Structures are given as C-alpha cells and as structure tokens.
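K.L.:
Convert by adding 33 to the 1-based position in the sequence shown; the result is the number in the numbering used here.
Beta carbons: idealized from backbone N, C-alpha and C, even for Gly.
This one's a predicted model, so the numbers in the text were calculated from it and none came from an experiment.
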Amino acid sequence: MSNLNLSLRLSAAAQWVPQYARLCDVGTDHAALPIWLMQQGRIHSAIATDIRTGPLERARKNVERYGFSGKIQLRLCDGLSGVTAPEVDTASICGMGGKMMMAILEAAPWTQNEVRLILQPMKSLGELRKWLSQHGYCIEQERVIWEEGHWYTLLSVVGKNDETVLTPGMEEVGIPNRWCREENRLNYLNYAVERLERQKKGLERSEKTPDQNRMAYLQAALAELAIWRHSLEKGVWPI
Ligand SMILES: C[S@@+](CC[C@H](N)C(=O)[O-])C[C@H]1O[C@@H](n2cnc3c(N)ncnc32)[C@H](O)[C@@H]1O
34 MSNLNLSLRL SAAAQWVPQY ARLCDVGTDH AALPIWLMQQ GRIHSAIATD IRTGPLERAR
94 KNVERYGFSG KIQLRLCDGL SGVTAPEVDT ASICGMGGKM MMAILEAAPW TQNEVRLILQ
154 PMKSLGELRK WLSQHGYCIE QERVIWEEGH WYTLLSVVGK NDETVLTPGM EEVGIPNRWC
214 REENRLNYLN YAVERLERQK KGLERSEKTP DQNRMAYLQA ALAELAIWRH SLEKGVWPI
C-alpha cells in the first residue's frame, strides 16, 4: 500500500511526535496522523478516538486499507475518557475548537504528568492559551502553518506549571520566545493585527455601549503586536 499523503498542518503535528511514542490521536476522523506515523515507523503504538461513529468508521476503513488493523486501536469515546494514563505518552488533538480541547483536558488531568500534547485548535486560541497557562500546562513551542488559504496554529504543550502570566498580545499570538523561527511569522502577525483591528472597529461602530474591558484588551494586544511586528520587519526576533 502506498504512503498516505499528510496535509502540511498534520505534517507539522507529526514532526513533534517523539520517536517511538505511545500516541493517542483524539478526534481522529480519518486516522491520517496515526496511520502516517505508523507507516514511517515513528510510533510504538497508537490509539485513535472519536466521539462520533461516522468518523470512527472512516478511521476503521482507512486503518484496514493501510494494513494497521490491530496496531492502531480505535475507540469510540469523548476525548481521552476511554484511555488510561499508562497507555499513552503523547496525545494529539487537531482540528477542533479550543474550548473543546479545554473540556477534554479538564476531564483528563493525568495529561499534566509526562504527556506531550500536540494541539492544533481551530478557534478560541487566546482562551486556550490562557487556560493552559492557568491549569498547570506549559506551551513549549508554537508553529504557524499557511495551507490552502488558512492559517493554522500548532502548540506543543507539557504539564509543567508555567510562571508566565500571559499579556493580551501573548494570548492572541503566543509568547514570542516560544515561537518556532519561521519565515511566515511576519505574515501571520500582519494577519493577526488586521483581525484585531477589525474587531476594534466593530466595537467602535457598535450601537451598544462599548465593552470597555474588551476595548482595553484589544488596544493592549495591538500595541504589543505592533512592537513585535516592528522587530520582525527589522529582521530582529522579538524576545
Ligand atoms: C475536523 S475533524 C479533525 C480530524 C483530524 N484530527 C484532523 O485534524 O484532520 C474533528 C473530529 O473531532 C471529533 N470530535 C469532536 N469532539 C470530540 C470529542 N470531544 N472527543 C473525541 N472526538 C471529538 C469529531 O467527531 C471529528 O471527527
């Protein structure tokens, strides 16, 4: 059977999976990530979970097609609820909302102990970063991927109390000294600034009494991002 083609987004997630990991891919859908990692001989074992029968059936078909029945275990469950701590040392959660990720991790506090988490949230990134930093997790590294007209952010996280109190800029785009050094970082910052500017204008135009807290947050985030952008434009990496 030929090698499975992985999207850039999932390839980036795969790069962070440690060699011989005991992986759980949460919300696996087509099971592309564990199948690819098995094909490359990168992982020791894999469990793939999904909360819905349709995606899990898709995963089952793919797992059979690529000859990994019995090697990739499929489990119908909410998040990590059907998995026990000794079974995994790495958990990937890709392609779902940040709030769902918080709920999944909240229900699996054992992930704070020696589990590498690879998270690729589709939305609520600021809330997720803040939640992680307040719940005993440390974001060690971040990547941004541009694929098919969309930006995707990936976080590599471990359970370790992080002393860093996140500023609004850090909530929105991450902590600069944890960013991977990537060519496209400046483009991503430009995109983030435009997005926040739009939100600020929306608030200014709103007929309702403006939310002063939100406005102060957006202004503070934009001020920080302007400084980081200026550094990157000058070829200096912000600290
Ligand atoms: C958009 S797909 C992402 C598939 C794959 N992880 C990827 O990144 O390409 C999201 C999947 O997460 C599953 N899902 C959503 N909430 C879940 C939860 N609480 N526990 C397990 N799976 C969940 C959905 O059923 C769906 O199959």
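Is N194 buried or exposed, if buried means 16 or more other CB atoms sit within 10 Å of its CB?
P.N.:
With fewer than 16 other Cβ atoms within 10 Å, it is exposed.
K.L.:
Starting from A254, trace the alpha helix (DSSP H) both ways and give me its first and last residue.
P.N.:
Its alpha helix (DSSP H) spans residues 245 to 266.
K.L.:
Under the criterion of a Cβ to heavy atom distance below 8 Å, does L43 qualify as lining ligand 1?
P.N.:
Yes, since a heavy atom of ligand 1 falls inside the 8 Å radius drawn around the Cβ of L43.
K.L.:
First and last residue of the alpha helix (DSSP H) that includes Y221?
P.N.:
Y221 -> alpha helix (DSSP H) spans 218 to 238.
K.L.:
Could you give the residue range of the alpha helix (DSSP H) that holds E90?
P.N.:
First-last of the alpha helix (DSSP H) with E90: 86 to 98.
K.L.:
If you check the beta carbons only, do Q174 and W261 fall under 9 Å apart?
P.N.:
Result no, Cβ atoms of Q174 and W261 do not sit closer than 9 Å.
K.L.:
So for M129, helix, strand or coil by DSSP?
P.N.:
Reduced to three states, the DSSP call for M129 is strand.
K.L.:
From this set, W143, M71, L107, which residue's C-alpha is nearest T117's C-alpha?
P.N.:
Checking every option, the nearest Cα to that of T117 belongs to W143.
K.L.:
DSSP state of T197, grouped into three classes?
P.N.:
Of the three classes helix, strand and coil, the one that applies to T197 here is coil, per DSSP.
K.L.:
With respect to the alpha helix (DSSP H) encompassing R42, which residues constitute its N-terminal and C-terminal limits?
P.N.:
From DSSP, the alpha helix (DSSP H) with R42 extends over 41 to 48.
K.L.:
Using only the heavy atoms of ligand 1, determine whether one of them is closer than 8 Å to the beta carbon of I137.
P.N.:
Indeed, a heavy atom of ligand 1 lies less than 8 Å from the Cβ.
K.L.:
In terms of residue numbering, what span does the beta strand (DSSP E) encompassing W184 cover?
P.N.:
Unbroken beta strand (DSSP E) run through W184: 183 to 191.
K.L.:
Give me whichever residues DSSP pairs with P51 in a beta bridge.
P.N.:
Beta-bridge pairing links P51 to no other residue.
K.L.:
Excluding sequence positions up to five away, which residues of its chain have a Cβ less than 6 Å from the Cβ of G74?
P.N.:
There are no such residues.
K.L.:
Residues in its own chain within less than 6 Å of M248 by CB, not counting five upstream and five downstream?
P.N.:
Once the five neighbours on either side are set aside, the close Cβ partners of M248 are L236.
K.L.:
For my contact list, L229 and A254 are in at a C-beta cut-off of 8 Å; report their separation, rounded to the angstrom.
P.N.:
At roughly 6 Å, the Cβ-Cβ gap stays under 8 Å, so L229 and A254 are in contact.
K.L.:
Note down the Cα distance separating S78 from H263, rounded to an integer number of angstroms.
P.N.:
Each residue's alpha carbon lies about 45 Å from the other.
K.L.:
Closest by CA to I80, which one among Y99, Q72, G60?
P.N.:
Answer by Cα proximity: G60.
K.L.:
Hey, is T186 close to ligand 1, as in C-beta under 8 Å from one of its heavy atoms?
P.N.:
T186: no, Cβ never under 8 Å from ligand 1.
K.L.:
If you reduce the DSSP assignment to three classes, tell me which class I137 lands in.
P.N.:
The answer is helix: DSSP assigns I137 an H, G or I state.
K.L.:
Can you look up S157 in the DSSP assignment and give me helix, strand or coil?
P.N.:
Here S157 sits in coil by DSSP.
K.L.:
Could you give the residue range of the alpha helix (DSSP H) that holds Q73?
P.N.:
Looking at the DSSP string, Q73 is not in any alpha helix (DSSP H), and its letter there is neither H nor E.
K.L.:
So who's on the other strand from A79, going by DSSP bridges?
P.N.:
Looking at the DSSP assignment, A79 forms a beta bridge with L56, I105.
K.L.:
I'd like to know if the segment 101 to 109 and the segment 125 to 137 are in contact, where contact means that at least 3 CB-CB pairs between them fall below 8 Å.
P.N.:
Result no; under three Cβ-Cβ pairs closer than 8 Å.
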